[in-house]
Amino acid sequence: MTNDATLSLEDELAHWPTDEAAALATQDRLRARVRTAQSGPEPGFAGTVVGVDVAYDDERDLVAAAAVALDGVTLAVVEEATAVGRVAFPYVPGLLAFREIPTVVDALRRLGRTPDLVVCDGYGLAHPRRFGLASHLGVLTGLPTIGVAKNPFTSRYELPGEERGASSPLLDGTADGRDEVVGRALRTQKGVKPVFVSVGHRIDLDRACAHTLHLSPRYRIPETTRAADALCRRALSEARAG
DNA sequence: GCGACAG
DNA sequence: ATCTTGTCGC
Numbered sequence: 008m009t010n011d012a013t014l015s016l017e018d019e020l021a022h023w024p025t026d027e028a029a030a031l032a033t034q035d036r037l038r039a040r041v042r043t044a045q046s047g048p049e050p051g052f053a054g055t056v057v058g059v060d061v062a063y064d065d066e067r068d069l070v071a072a073a074a075v076a077l078d079g080v081t082l083a084v085v086e087e088a089t090a091v092g093r094v095a096f097p098y099v100p101g102l103l104a105f106r107e108i109p110t111v112v113d114a115l116r117r118l119g120r121t122p123d124l125v126v127c128d129g130y131g132l133a134h135p136r137r138f139g140l141a142s143h144l145g146v147l148t149g150l151p152t153i154g155v156a157k158n159p160f161t162s163r164y165e166l167p168g169e170e171r172g173a174s175s176p177l178l179d180g181t182a183d184g185r186d187e188v189v190g191r192a193l194r195t196q197k198g199v200k201p202v203f204v205s206v207g208h209r210i211d212l213d214r215a216c217a218h219t220l221h222l223s224p225r226y227r228i229p230e231t232t233r234a235a236d237a238l239c240r241r242a243l244s245e246a247r248a249g
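Be aware that the first sequence starts at 8, since it is given in my numbering, and climbs by one per residue.
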């Protein structure tokens with residue numbers, strides 16, 4: 008891998024970090040490649056939104072990933088793909104991408120189409136170093152990505168209103184001790200705990216939240232993530248069996 | 001040093 | 001993430 012403007016997914020995967028120091032260095036090197044200026048696809052667009060998720064069996068050193076493509080308008084499942092591999096990195100808060108991305112990329116490659124948007128189970132900019140799983144995946148693949156997490160991690164927030172669609176800013180400390188907005192706590196269902204949305208790559212926060220709402224017509228968690236979660240668990244148990 | 005800490 | 005039964009409620 009090099010430091011010039013080009014980025015080779017192959018090289019990044021071939022030189023995947025194996026320790027924390029190398030992983031931190033990789034985040035520092037790739038962080039500047041995140042693109043926030045683009046507004047990204049509108050919710051309800053004529054295309055596919057792909058949800059990705061991963062399930063683990065650390066005992067057997069197995070990881071299963073799923074990529075599920077949904078119709079951007081109807082949310083109907085149009086295609087599914089899975090991949091199984093070896094655990095590439097231990098779980099370290101803040102370094103989740105190094106554990107999940109290699110197998111997720113495999114699953115995405117087995118998809119017979121290019122996603123118009125990828126929805127990740129985790130963070131984009133709402134990360135201690137502003138480079139969570141969604142941002143990392145976006146930079147490596149060049150695809151628009153967003154992160155929708157179930158917990159705020161290191162960020163703080165005020166509870167948004169009870170209504171579906173209500174939101175409040177997600178705040179996280181910056182290097183010089185100040186607070187900055189890194190995402191949004193978004194209520195996807197009335198009276199239900201909010202989800203934590205942040206920009207991954209090539210999309211803005213307003214659209215990231217609009218997509219999240221559109222993808223969550225009935226449950227707290229987006230249909231993309233629900234579908235990918237169910238599929239990767241299925242893939243993991245099949246890998247265990249045979 | 002201690003606690004907190006996406007999945 | 002994962003270990004795990006029943007149970008309350010729409």
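Backbone N, C-alpha and C fix where the C-beta goes; we use that ideal spot for every residue, glycine too.
Here the structure is a predicted model, which means the values were calculated and not measured.
When the Cα atoms are used, what is the spatial distance from V84 to D183?
-> By 1-based counting over the first sequence, the position of residue 84 is 77. By 1-based counting over the first sequence, the position of residue 183 is 176. Their Cα atoms are separated by approximately 45 angstroms.
Top-ranked residue by Cα proximity to D26, from R36, L193 and P97 = Counted from its first residue, the first sequence places residue 26 at position 19. Here the closest residue by C-alpha is P97.
Out of curiosity, what's the CA-to-CA distance linking G172 and V56?
-> The sequence position of residue 172 within the first sequence is 165, counting from 1. The sequence position of residue 56 within the first sequence is 49, counting from 1. Distance between the alpha carbons of G172 and V56: 20 angstroms.
Buried or exposed (CB count within 10 angstroms, at least 16 for buried), V99 = Taking the first residue of the first sequence as 1, we reach residue 99 at position 92. When all chains shown are included, V99 counts as exposed.
Candidates V75, A62, E66 and A88, of which the one nearest R106 by Cα | For this step, residue 106 is matched to residue 99 along the first sequence. By alpha-carbon distance to R106, the top candidate from V75, A62, E66 and A88 is A62.
Based on the DSSP secondary-structure assignment, which residues constitute the bridge partners of G58?
-> On the first sequence, position 51 is the one that residue 58 refers to. In the DSSP output, where bridge partners are listed per residue, G58 has V75 and V126.
Should V80 and A53 be called a contact, given that it needs their Cβ atoms to be closer than 8 angstroms?
-> In the first sequence, counting from the first residue as 1, residue 80 sits at position 73. In the first sequence, counting from the first residue as 1, residue 53 sits at position 46. Cβ atoms of V80 and A53: closer than 8 angstroms.
With distances taken between CB atoms, is the gap from G154 to G119 smaller than 8 angstroms?
-> Here residue 154 refers to the residue found at position 147 when the first sequence is read from its first residue. Here residue 119 refers to the residue found at position 112 when the first sequence is read from its first residue. No, they are not a contact pair.
Based on the DSSP output, what are the partners of I153 in its beta bridges?
-> Working through the first sequence from its first residue, we reach residue 153 at position 146. DSSP, once it has assigned bridges, lists V126 and V206 as partnering I153.
How far does the alpha helix (DSSP H) with L118 in it reach, from first residue to last?
-> Here the question's residue 118 lines up with position 111 in the first sequence. Premise fails: L118 is in no alpha helix (DSSP H) and is neither H nor E.
Between which two residues does the alpha helix (DSSP H) containing T89 stretch?
-> Position 82 of the first sequence holds residue 89. It is not in any alpha helix (DSSP H) - T89 instead sits in the beta strand (DSSP E) that spans V84 to R93.
What separation, rounded to the nearest whole angstrom, lies between the Cα atoms of A90 and P167?
-> Start at 1 with the first residue of the first sequence, and residue 90 comes out as number 83. Start at 1 with the first residue of the first sequence, and residue 167 comes out as number 160. Distance between the alpha carbons of A90 and P167: 37 angstroms.
Taking Cβ to Cβ, would you say L177 is nearer than 8 angstroms to G190?
-> Here residue 177 corresponds to residue number 170 of the first sequence, with the count starting at 1. Here residue 190 corresponds to residue number 183 of the first sequence, with the count starting at 1. In terms of Cβ geometry, L177 and G190 form a close pair [threshold 8 angstroms].
Same chain only: Cβ atoms within 7 angstroms of A95, ignoring 5 sequence neighbours per side = One-based indexing of the first sequence puts residue 95 at position 88. The residues are W23, F105, R106 and P109.
Can you say whether S205 is buried or exposed, counting buried as having 16 or more other CB atoms within 10 angstroms of its CB?
-> Against the first sequence, residue 205 aligns to sequence position 198. Buried, by the Cβ-count rule.
Any beta strand (DSSP E) of 3 or more consecutive residues that is wholly inside the stretch 196–242 = 202–208
If C127 and A141 are in contact, beta carbons under 8 angstroms, what's the gap, nearest whole angstrom?
-> Counting from one through the first sequence, the residue named residue 127 turns up at place 120. Counting from one through the first sequence, the residue named residue 141 turns up at place 134. That pair is a contact at about 4 angstroms.
By Cβ distance below 6 angstroms, which residues in the same chain neighbour A30 in space, the five residues on each side in sequence not counted?
-> Within the first sequence, numbered from 1, the residue matching residue 30 stands at position 23. P24, L102 and F105.
Nonlocal neighbours in the same chain, by C-beta distance under 6 angstroms from P50, ignoring five residues either side = Translated into positions along the first sequence, residue 50 becomes position 43. Same-chain partners within the cutoff: A217, H218 and H221.
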